[in-house]
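Residue numbers for the sequence shown follow UniProt numbering, beginning at 1 and rising by one.
Just so it is clear, CB atoms sit at the ideal spot from N, CA and C, and this is done for glycine as well.
So the structure is just underneath, and the comments pick up after that.
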Amino acid sequence: MFKGSDKDKPGEERVIEESEDSSIHSDAAAEKQVLRKVDWHILPMVFLYYMISFLDRSNIGNGRLYGLEADLNLKNDQFQTATSVFFATYIACEVPSAIFLKKLHPARFISGIAILWGIIASLTGLTQNYGSLLACRLLLGLAEGPLFPCMVIYLTFFYTRKELAVRFGYLSGGAAVAGAVGGLLAYAVGYMDGVRNLRAWRWLLIIEGIPAIGLGVFGLFFLADSPSTAWYLTTSQRQLLVARSTRDQREASTPSAQTLQRSDILAAFKDWKIWTFCLMNFPADIQLFSYAIFLPTIIKAINPAWSSLYVQALTIPCFAWSTIVYFIAAFVSDATQHRAVFGILGALASIMGHVMLIAGQGVAVPYLGCFFIATGLFVVSGIALVWLSTNSPRYGKRTTAVGMDLMLGNSAGIAAPYLYPTADSPRYTMGHAVTLGLLVISALANVVLWWAMVDTNRQRRAGMEDWKLSGKTEEEVDEMGDDSPRYIYAI
């Protein structure tokens, strides 16, 4: 009997191996199925929320071509002030909302602020003077401010760090599509000038605020707070998502690593890498906000003979191109698991665009420069945000880092409008030159971070940091987050 058992051992091993292989394939298939279901329930909402929010904050630039300044009797740099004041309240909300998102009901909170900003955006179309415009812009910033950091953190609840570039792409892609849709809507609404005695810019602001209200009401019932409460998943699918998250963040899998800890908040503020990410993103956001608001003005300056309707139409292909480029970059970034190279190439493309706007003559070269700027418009900031969030495994540090990055990056929105004063028309040399110089700094920051992380990974793989593990239990090692010698940075 025992001899027979010995003969059967190789066969038993094969059965076990086949069983394990089958289990692996089964898990992979189940994971693919649940990801597809999560994508369908989250990504369209993420895309629409941010597209509409970006539309509602930047449509003031389209309204400018339809007489907003003259109708509200704005003087000197009052239009620039009304544009930039939005970011004063916007950035003030970013860090607190990111840090405390888990203590709220994320789905209800995100949907609630959408309803609020939609109401404010529509009411902006009824303003009668500079003071009421300022008040609406301040309130709009307060309502929209929490959205982006909360959506970034929300996505990390459901996806692993290898899957985030494409998913974050729906945020940046939403902004890019907003630019194209904004130009198209502005073109169409231009024909409503005078309907019910309202100017076209008023109709534009009123109409573009309404979708946020409807989407927010829908989101209250449709979105889930977390994988464990996702109504559209089965119990086993919820468990699979939670297990994936634990496996992905092995160096931060302890209960304390998944909750808000004061030490993690302080660690984020002390980490030079996070400040370098902020330095990388500030120039990218200077360019983004300038482009989003002033592209119609810049194109109008290329040929003042073009009508306002024609200029609105010319903004559409620029933003459409930026959307295509970003999604290609995001897919390739996730497929190759490389981040830094896209920030560097995107910055270089945008730098070339600003050179063309400064030095270009005629119509073709400056307009082509707008496409070069669009090439890096969302790539530089979008991929950098993925890079940052995927290298911060502990929840508290990740949320603080994302909040810091977005707050300091979006503070660029306060300065950006003043780079393109009316007095600098038609060349706007100062705005292009300053943005160009800042993008050089952004590219250099990318290079520094890339080199530092490559060097750290090399040392950790060679065991040169293993001394940090001395005397520590496995649980203590798991508490170390990205400081662990076992943690390899995504680059």
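| query | Assuming G118 and A212 make a contact with CB atoms under 8 Å, what is their CB distance in whole Å? | reply | Going by Cβ atoms, the distance from G118 to A212 rounds to 3 Å, so yes, they are a contact pair.
| Secondary structure at E13, three-state DSSP: helix, strand or coil? | With a pLDDT of only 41 at E13, under the threshold of 50, the placement of this residue in the model should not be trusted, and no figure is reported.
| field | Minimum C-alpha distance to A490 - residue among M480, K468, V454, V217 | value | Answer by Cα proximity: V454.
| request: Note down, one range per segment and in chain order, each alpha helix (DSSP H) of at least 4 residues found wholly within the segment 21-84. | output: 68-71, 78-84, all fully within the segment 21-84.
| Helix, strand or coil: which one does DSSP assign to F269? | Reduced to three states, the DSSP call for F269 is helix.
| field | Minimum length 4: unbroken alpha helix (DSSP H) runs contained in the segment 369-406 | value | If we require 4 residues or more, the alpha helix (DSSP H) runs fully inside the segment 369-406 come out as 379-390.
| Roughly how many angstroms lie between the CA atoms of Q337 and N197, to the nearest whole one? | If you take the alpha carbons of Q337 and N197, they lie about 55 Å apart.
| request: Put residue 495 into one of helix, strand or coil per three-state DSSP. | output: The structure shown has nothing for residue 495, since the chain only spans 1 to 491.
| Cα-Cα separation, F222 to Q261 | When rounded, the distance between both Cα atoms is 30 Å.
| message | Using a 10 Å radius around the Cβ and a threshold of 16 neighbouring Cβ atoms, would you call S383 buried or exposed? | response | The sequence as given places Ile at residue 383; Ser does not occur at that position. So I383 ends up on the buried side.
| message | Classify L215: buried if its beta carbon has 16 or more other beta carbons within 10 angstroms, exposed otherwise. | response | Buried is the call here.
| Would the beta-carbon of I60 fall within 8 Å of that of L68? | Between I60 and L68, the C-beta gap is smaller than 8 Å, which places the two residues in contact.
| query | Can you name, in chain order, every residue of its own chain whose Cβ lies under 6 Å from the Cβ of S172, other than the five neighbours on each side? | reply | Answer for S172: Y326, F378, G382, listed in chain order.
| query | Skipping 5 residues on each side, what residues in its chain have a beta carbon closer than 8 Å to that of V217? | reply | Same-chain partners within the cutoff: S111, I115.
| query | Can at least three beta-carbon pairs, one atom from the segment 155-163 and one from the segment 77-94, be found at a separation below 8 Å? | reply | With the cut-off at 8 Å, the segment 155-163 and the segment 77-94 do not touch.
| query | Which of helix, strand or coil does DSSP assign to W306? | reply | DSSP places W306 in coil when its eight states are reduced to three.
| field | Nonlocal neighbours in the same chain, by C-beta distance under 8 Å from H25, ignoring five residues either side | value | Any answer about H25 is weak, because its pLDDT of 44 lies below 50 and its placement is not dependable; what the coordinates show is given next. None.
| Contact set for W387: own chain, Cβ-Cβ below 6 Å, skip 5 residues either direction | Once the five neighbours on either side are set aside, the close Cβ partners of W387 are R339.
| request: Return the chain-ordered list of same chain residues with a C-beta closer than 8 Å to the C-beta of N129, the five sequence neighbours on each side being excluded. | output: For N129, where only same-chain residues beyond five positions count, the Cβ hits under 8 Å are L72, N73.
| task | Following the continuous alpha helix (DSSP H) through W450, name the residue where it begins and the one where it ends. | result | Looking at the DSSP string, the run of the alpha helix (DSSP H) that includes W450 is 429-461.
| query | Does DSSP classify G118 as helix, strand or coil? | reply | In the structure shown, G118 sits in a helix (DSSP, three-state: H, G or I).
| What runs of the beta strand (DSSP E), each 3 residues or longer, lie entirely inside the segment 163-219? | The beta strand (DSSP E) runs lying completely inside the segment 163-219 and spanning 3 residues or more number zero.
| query | So what does DSSP say about W321, is it helix, strand or coil? | reply | In the three-state scheme derived from DSSP, where H, G and I count as helix and E and B as strand, W321 is classed as helix.
| Which residues in the same chain have their Cβ closer than 8 Å to the Cβ of D271, if we skip the five residues on either side of it in sequence? | Taking C-beta separations shorter than 8 Å and ignoring five residues to either side along the sequence, the partners of D271 in its chain run K397, A401, following chain order.
| said: Mapping the DSSP letters down to three states, classify V311 as helix, strand or coil. | reply: DSSP places V311 within a helical segment (H, G or I) once states are collapsed to three.
| Between the C-alpha atoms of G346 and G431, what's the straight-line distance to the nearest angstrom? | Going by the C-alpha atoms only, they are around 19 Å apart.
| said: In whole angstroms, give me the CA-to-CA distance for D483 and T235. | reply: Cα to Cα, D483 sits roughly 34 Å from T235.
| message | So, at 7 Å on beta carbons, what are the nonlocal neighbours of T390 in its own chain, with the 5 sequence-adjacent residues on each side left out? | response | If we look at T390 and ignore the five residues flanking it on each side, its Cβ neighbours are R161, L164, A490.
| request: For H354, name the three-state secondary structure that DSSP assigns. | output: Looking at H354 - three-state DSSP - the assignment turns out to be helix.
| request: Sort F319, F168, G125 by Cα distance to L140 and report the nearest one. | output: Here the closest residue by C-alpha is G125.
| query | Can you round the beta-carbon distance between D334 and V166 to whole angstroms, since I take them to be within the 8 Å contact cut? | reply | Contact annotation, D334 with V166: C-beta distance approximately 5 Å; criterion of less than 8 Å satisfied.
| Can you give the beta carbon distance from Y49 to L147, rounded, assuming they're within the 8 Å contact cut? | With a Cβ gap of about 6 Å, Y49 and L147 count as contacting.
| Can you tell which of A28, L35, R64 has its C-alpha closest to the C-alpha of I293? | The alpha carbon of I293 has as its nearest neighbour, out of A28, L35, R64, the alpha carbon of R64.
| Contact set for I113: own chain, Cβ-Cβ below 8 Å, skip 5 residues either direction | Closer than 8 Å at Cβ, skipping near neighbours: A143, E144, P146, L147, G216.
| field | Rounded separation between T83 and P417 - CA only | value | The alpha-carbon separation between T83 and P417 amounts to approximately 7 Å.
| F319 versus A180 - alpha carbon distance | Here the alpha carbon of F319 sits roughly 5 Å from the alpha carbon of A180.
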